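Reading through the structure tokens given below for one structure.
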Amino acid sequence: MNLEFFLLLAAALFCIGIYGLVTSRNAVKVLMSVELLLNAVNINLVAFSNFIDGQNINGQVFTVFVITIAAAEAAVGLAIILSIYRNRDTVDMEQFNLLKW
Amino acid sequence: MNLAEGVQLVSLIILSVMLLGSALGVVLFENIVYSAFTLCAVFISIAGLYILLNADFVSAAQILIYVGAVNVLILFAIMLVNKTEAFTPLPRRWIRKVSTAFVSLALFTLLATMVLQTNWAVDLTLPAPASSVETIGIHFFTDYLLPFELASILLLMALVGAVVLARKESFVGEETAIVGEDPPPVLELPERPKQPIA
Numbered sequence: 042m043n044l045e046f047f048l049l050l051a052a053a054l055f056c057i058g059i060y061g062l063v064t065s066r067n068a069v070k071v072l073m074s075v076e077l078l079l080n081a082v083n084i085n086l087v088a089f090s091n092f093i094d095g096q097n098i099n100g101q102v103f104t105v106f107v108i109t110i111a112a113a114e115a116a117v118g119l120a121i122i123l124s125i126y127r128n129r130d131t132v133d134m135e136q137f138n139l140l141k142w
Numbered sequence: 118m119n120l121a122e123g124v125q126l127v128s129l130i131i132l133s134v135m136l137l138g139s140a141l142g143v144v145l146f147e148n149i150v151y152s153a154f155t156l157c158a159v160f161i162s163i164a165g166l167y168i169l170l171n172a173d174f175v176s177a178a179q180i181l182i183y184v185g186a187v188n189v190l191i192l193f194a195i196m197l198v199n200k201t202e203a204f205t206p207l208p209r210r211w212i213r214k215v216s217t218a219f220v221s222l223a224l225f226t227l228l229a230t231m232v233l234q235t236n237w238a239v240d241l242t243l244p245a246p247a248s249s250v251e252t253i254g255i256h257f258f259t260d261y262l263l264p265f266e267l268a269s270i271l272l273l274m275a276l277v278g279a280v281v282l283a284r285k286e287s288f289v290g291e292e293t294a295i296v297g298e299d300p301p302p303v304l305e306l307p308e309r310p311k312q313p314i315a
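The listed protein sequences derive, respectively, from chains A and B. If you read the first sequence in my numbering, its first letter stands for residue 42, the second for the next number, and so on. If you read the second sequence in my numbering, its first letter stands for residue 118, the second for the next number, and so on.
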């Protein structure tokens, strides 16, 4: 129950999120991996606020902002995926290659 | 170790195992619906960790927003793009997975080394505030007032943007029906063909 344990936990979650982000073939799974990344950052912030900043909990305020932004980004990201699905009839990330040279 | 510390330690171990197991489930399951439900388990275990870290308001907000809104949104999106297609298997895809796993492990080693070697200025003598909701509220209206207002504008932008992006396409200048001929075909969405009522 010390600070390093929570930081290691957050680092592990972040690395799992990066693996999911790069490896996923389904576009919705990519967005879920981004949620994992944001939650890892949130754990870091709350852990620091508890162990270092116990009185004025600035880390928790920051965490509420990150939760808000993550929810907004998930909504817009899924709207984009829905729009792509209507045009391309697939959610395979390998097929979204218009920007490839 | 007294009872409180014992309960804390056992809860911490259970929540950490649940968190890491569910996170691995999210990225490793082939079925996207299994991934979405394991993501729910990730969010709940993180909310439990927040309670262990004296962050009661953030824990409640996590469950309300992440489990209640974001996860449900993801499940609806999966339902709407639920084309049961088997992705064409790419040859030598294992190279990408192995190299990404290697990079992730290397990044984790780097972060773990940094975490374990830094001399953190931990100060456990400060008591947690009596009501974290009150302290967060005071912060929102004094120190962090501008980010608070900007966050509300950003939510408005996200709402308008999501509605504009996801609405049904309607084209101007479609031909109107002429009496006696077949009616023009109704616009169909790939998610669900339009069913005539009755």
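We treat Cβ as the ideally placed atom computed from N, Cα and C, and that holds for glycine. Note that the structure is predicted; figures quoted are calculated from it, not measured.
message: For B/ALA65 and A/VAL132, I'd like the C-alpha separation in whole angstroms.
response: Chain B is shown from 118 up to 315; residue 65 of chain B falls before or after that span and cannot be answered.
field: Members of the region 58-80 of chain A that neighbour chain B once the beta carbon cut-off is set at 9 Å
entry: Result list: GLY58, ILE59, TYR60, GLY61, LEU62, VAL63, THR64, SER65, ARG66, ASN67, ALA68, VAL69, LYS70, LEU72, MET73, SER74, GLU76, LEU77, ASN80.
- request: Assign A/GLN101 to buried or exposed, taking buried as 16 or more other Cβ atoms, counted over all protein chains shown, within 10 Å of its Cβ.
  value: So A/GLN101 counts as buried.
- request: Evaluate the contact criterion for the region 232-240 of chain B versus the region 68-75 of chain A: three or more CB pairs, one atom per stretch, below 8 Å.
  value: Segment contact: the region 232-240 of chain B against the region 68-75 of chain A, fewer than three CB-CB distances shorter than 8 Å; contact not assigned.
task: For A/GLU76, count neighbouring Cβ atoms within 10 angstroms of its own Cβ and tell me buried if that reaches 16, exposed if not.
output: Counting other Cβ atoms within 10 Å of its Cβ, A/GLU76 reaches 16 or more and is therefore classed as buried.
message: What does DSSP give as the partner residue(s) for A/ASN25 in the beta ladder?
response: The requested residue 25 of chain A is not part of the displayed model; chain A covers only 42 to 142.
- request: Quick one: grab the DSSP three-state call for A/GLN96.
  value: The answer is coil: DSSP assigns A/GLN96 none of H, G, I, E or B.
query: Is the distance from the Cβ of B/ALA117 to the Cβ of A/VAL87 below 8 Å?
result: Any question about residue 117 of chain B goes unanswered here, given that chain B covers just 118 to 315.
query: Does the distance from the CB of B/LEU156 to the CB of B/VAL175 come in under 8 Å?
result: Pairing B/LEU156 with B/VAL175 gives a Cβ-Cβ distance that is not under 8 Å.
field: Closer than 7 Å at the beta carbon, the chain B residues around A/PHE106
entry: Correct list: PRO264, ALA268.
query: Leaving out five residues before and five after B/VAL250 in sequence, what residues of the same chain have Cβ atoms less than 7 Å from its Cβ?
result: Here the set comprises PHE174.
task: Rounded to whole angstroms, what's the CA-CA distance from B/LEU169 to B/LEU129? Just pull it up for me.
output: Between B/LEU169 and B/LEU129, the C-alpha separation is close to 8 Å.
- request: Can you tell me which of the three DSSP states B/GLU178 falls into?
  value: A small fix is needed here, since residue 178 of chain B is Ala in this sequence, not Glu. In the structure shown, B/ALA178 sits in a helix (DSSP, three-state: H, G or I).
query: Starting from B/LYS214 and walking both ways along the alpha helix (DSSP H), at which residues does that stretch end?
result: First-last of the alpha helix (DSSP H) with B/LYS214: 210-234.
Beta-carbon neighbours of B/VAL189, restricted to chain A and to distances below 7 Å: Those within 7 Å of B/VAL189 in chain A number zero; the least Cβ separation is about 11 Å.
query: Applying the criterion that 16 or more other CB atoms from any shown protein chain within 10 Å of the CB defines a buried residue, is B/ALA140 buried or exposed?
result: Classification of B/ALA140: buried, given that the 10 Å Cβ count is 16 or more.
task: Tell me where the alpha helix (DSSP H) around B/GLU251 begins and ends.
output: Residues 249-258.
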